[in-house]
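The sequence shown begins at 901 in this note's numbering and counts up one residue at a time. Reading through the structure tokens given below for one structure.
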Amino acid sequence: MDSHRQDWREVFDELVEEVLAQLPPHLQRLLEEVPLHVEDYPAESVLRETGTSDPEELCGLFSGLAITERSNEHAAALPPVVTIYRAGIMAAARDRRGRLNRKRLLRQIRLTILHELAHYHGLSEEELDELGYS
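Here's what the structure looks like:
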């Protein structure tokens, strides 16, 4: 792994920590129930499952059952997890000229985390689009 790649990962992860620290307390508590994972790119299996061809198109993914789908019969289901993808978020945060700045990156990280947590609460992609969280 080259030092340049390590640098952008460290900067990105520091920005994630900043976003998390600025979330309201009830969302910080929610992330104790729903772990947040940060990866560079989605796995090939995730790309297949989501029908995504470009790994930089996917900013995040909620896996597990939403609160609205839970019941006693789902007790053995995998726990809920939010995964965000550095490359996708960075691509989405770039302006039309391909430039990336701290403010846009912070906003896209926050938007992605909130988007995926909304899936945990049962909101669909269509509902999130209507609310401006896409």
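All C-beta atoms, glycine included, are put in the ideal place defined by N, C-alpha and C.
The count of Cβ pairs closer than 8 Å, one atom from the segment 952-961 and one from the segment 908-926, stays below three, leaving the stretches out of contact. By the 16-neighbour rule on beta-carbons within 10 angstroms, G951 is exposed. Within a 10 Å sphere around the beta-carbon of G1022 sit fewer than 16 other beta-carbons, which makes this residue exposed. Per DSSP, the beta bridge partners of F962 are V982.
The alpha-carbon separation between P935 and E949 amounts to approximately 21 Å. Contact between D940 and Y985 holds: their C-beta atoms lie close to 7 Å from each other, under 8 Å.
Excluding the 5 residues flanking it on each side, P942 has same chain C-beta neighbours closer than 6 Å at P955, L958, Y985, in chain order.
Inter-residue distance for L961 and G988 is about 11 Å (C-alpha atoms, whole angstroms).
For E944, DSSP assigns no beta-bridge partner whatsoever.
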